[in-house]
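Numbering (our numbering), first residue to last: 3 to 386.
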């Protein structure tokens, strides 16, 4: 039995956290024992409930805001208690995993890079990551653009590339599902619903999206914009909606547990980010059969082909984005054609099982090569 401990800043609704939770729950329990550590205390999220229901133990380390020198010791204590063969870190927490790595308390350390390496951490964090990679931590890219970033920032090439996966069945589309959500939320069958599922944070560029929507919505009174997610810019975005005269046209939905239903009820997905990794939200929208209008950043062009399964526009350009939105507002047949191709692409490429099996094989391959794996643990790794 291989023990894997995932370490995250928090067990929350973000894309990286959602991917990690799905991976933990998807690992073969006959071969893997899974645990999680969260730097911050619990906050009552659906992901926390899913781990509890799935029998995954979670240790909360009580991190304070800003640098917290207690974290390496607290994480080391969890490592000593759980005894993982693989320590799998996400986002910026690799910094806090340095003591177990440097002291060789775990045979293998894996770090998934969820965004461009230049954006993942600051200068001090990059120094820590560079040290970790030199001491054997294995960075996993989720998109080819991130692989290139690892080469550019850290001089690492040829490392694992494991794209994200999603539970395709959760995003099945049906007319009844669409009608039920619209009826419940007060939208009519004739409304054209644009939806953005993203954290309300600077890199998502909601201001660009709102400006673009305001430009094209004036001539289309049935157009609506749904913003699902929460974050530090909520107040600013609410004021921007008022300032652009979009009250009753653009809606802040907050963090929602019914994202699959929202996607099923919508007509077009839109994402105006300045940078991205391999966004789950785009994959989920495509699985739901939505045409996606996205900025051509990060791993997004690896997910959809412009003019075939969606539309790509340059970042920071509300005019180009407005043009793409208006094109789909005018042409229902194009929306349907792009959405059908998007669903077919998702079905063939984005399955959660593909991602999970790739990580399982990575864990096994790293342990088979670990020079300091105890004899009894090595036998367990081989049997797994």
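No residue lacks a Cβ here, since even glycine has one placed at the ideal position from N, Cα and C.
* Give the straight-line distance between the Cα atoms of residue 72 and residue 57, rounded to the nearest whole angstrom. => One C-alpha to the other measures close to 27 Å.
* **Distance, residue 365 Cα to residue 384 Cα** => In this predicted model, residue 384 has a pLDDT of only 44, less than 50, meaning its place in the structure is not dependable; the value taken from the coordinates is given anyway. For residue 384 and residue 365, the distance between alpha carbons rounds to 11 Å.
* Are the region 207-222 and the region 320-328 in contact at 8 Å, needing three or more beta carbon pairs? -> Taking 8 Å as the limit for Cβ pairs, the verdict is that the region 320-328 does touch the region 207-222.
* My understanding is that residue 293 touches residue 341, with C-beta atoms under 8 Å, so please give their C-beta distance in whole angstroms. => About 5 Å separates the two Cβ atoms, so the contact holds.
* To do: Grab me the residues of residue 243's own chain with a C-beta within less than 7 Å of its C-beta, minus the 5 sequence neighbours each way, in chain order.
  => Only 212, 249 and 252 meet the Cβ criterion.
* Asked: Where does residue 116 fall in DSSP's three states?
  -> Judged by DSSP in its simplified three-state form, residue 116 adopts coil rather than helix or strand.
* Is it the case that the Cβ atoms of residue 95 and residue 139 are separated by a distance below 8 Å? -> Against a cut-off of 8 Å, the Cβ pair of residue 139 and residue 95 comes out as no contact.
* Taking C-beta to C-beta, are residue 201 and residue 48 nearer than 8 Å? -> For residue 201 and residue 48, no; Cβs fall outside 8 Å.
* Stretch-stretch touch, CB-based, cutoff 8 Å, three pairs: the region 299-314 with the region 274-283 -> Enough Cβ pairs lie closer than 8 Å, so yes.
* **Member of 85, 171 and 43 whose CA lies at the smallest distance from the CA of residue 5** => Nearest of 85, 171 and 43 to residue 5, Cα basis: 85.
* Expressed to the nearest angstrom, what Euclidean distance is found between the alpha-carbon atoms of residue 261 and residue 53? -> Straight-line Cα distance between these residues: approximately 19 Å.
* Name the residue from 115, 287 and 236 whose alpha carbon lies nearest to the alpha carbon of residue 198. => Comparing Cα positions, the closest option is 287.
* To do: Kindly indicate which three-state DSSP category residue 267 falls into: helix, strand or coil?
  => Residue 267: helix per DSSP, three-state reduction.
* To do: Using 10 angstroms around the beta-carbon of residue 145, count the other beta-carbons present and answer buried if the total reaches 16, otherwise exposed.
  => Looking at its Cβ environment, which holds 16 or more other Cβ atoms inside 10 Å, residue 145 is buried.
* **Helix, strand or coil at residue 183 according to DSSP, with G and I counted as helix** => Helix.
* **Rounded separation between residue 3 and residue 362 - CA only** => Computed Cα separation, rounded: 12 Å.
* Start and end residues, beta strand (DSSP E) containing residue 35 -> Residue 35 -> beta strand (DSSP E) spans 34-40.
* Asked: In or out: residue 24 buried (at least 16 other Cβ within 10 Å) or exposed?
  -> Classification for residue 24: buried.
* Nearest to residue 93 by CA position, among 204, 70 and 128, is which residue? -> Relative to residue 93, the option among 204, 70 and 128 whose CA is nearest is 128.
* Asked: Taking just the CA atoms, how far does residue 316 sit from residue 271?
  -> Roughly 16 Å between the two C-alpha positions.
* Using a Cβ-Cβ cut-off of 6 Å (strictly less than) and excluding sequence neighbours within five positions of residue 27, which residues of its own chain qualify? -> Apart from sequence neighbours up to five positions away, the residues of its chain that approach residue 27 with a beta-carbon distance below 6 Å are 56, ordered along the chain.
* Buried or exposed (CB count within 10 angstroms, at least 16 for buried), residue 19 -> So residue 19 ends up on the buried side.
* May I ask which residues mark the beginning and end of the beta strand (DSSP E) holding residue 5? => According to the DSSP assignment, residue 5 belongs to the beta strand (DSSP E) that extends over 4-10.
* To do: Counting only runs of 3+ residues fully inside the region 312-340, write out the beta strand (DSSP E) ranges in chain order.
  => If only complete runs of 3 or more residues are kept, the region 312-340 shows the beta strand (DSSP E) at 312-315, in order along the chain.
* **Exposed unless 16 or more other CB atoms sit within 10 angstroms - verdict on residue 311** => Buried, by the Cβ-count rule.
* Can you tell which of 61, 98, 67 and 91 has the C-alpha that lies nearest to the C-alpha of residue 80? -> When each option's Cα is compared against that of residue 80, the closest is 61.
* Asked: So residue 7 and residue 40 are in contact, right, with Cβ under 8 Å, and what is the actual spacing, rounded?
  -> By a beta-carbon distance limit of 8 Å, residue 7 does not contact residue 40. Their separation comes to about 11 Å.
* **residue 191 versus residue 180 - alpha carbon distance** => Whole-angstrom Cα-Cα distance: 9 Å.
* **DSSP beta-bridge partners of residue 308** => For residue 308, which the question treats as bridged, DSSP gives the partners 312.
* Asked: Is DSSP giving residue 347 helix, strand or coil here?
  -> Residue 347: helix per DSSP, three-state reduction.
* the region 146-153 / the region 219-239 touching (three or more Cβ pairs under 8 Å) -> No: the two stretches stay apart, fewer than three of their Cβ pairs being nearer than 8 Å.
* Using the Cα positions of residue 309 and residue 196, report the straight-line distance between them to the nearest angstrom. => Rounded to the nearest angstrom, the two C-alpha atoms are 18 Å apart.
* Asked: Taking buried to mean at least 16 other C-beta atoms within 10 Å of its own C-beta, is residue 186 buried or exposed?
  -> Residue environment analysis places residue 186 among the exposed positions, since fewer than 16 neighbouring C-beta atoms fall within 10 angstroms of its C-beta.
* Asked: Considering only residues of the region 106-176, which uninterrupted alpha helix (DSSP H) runs meet the minimum length of 4 residues and lie entirely inside it, listed in chain order?
  -> Within the region 106-176, complete alpha helix (DSSP H) segments of at least 4 residues are found at 119-122, 125-136 and 146-156, given in chain order.
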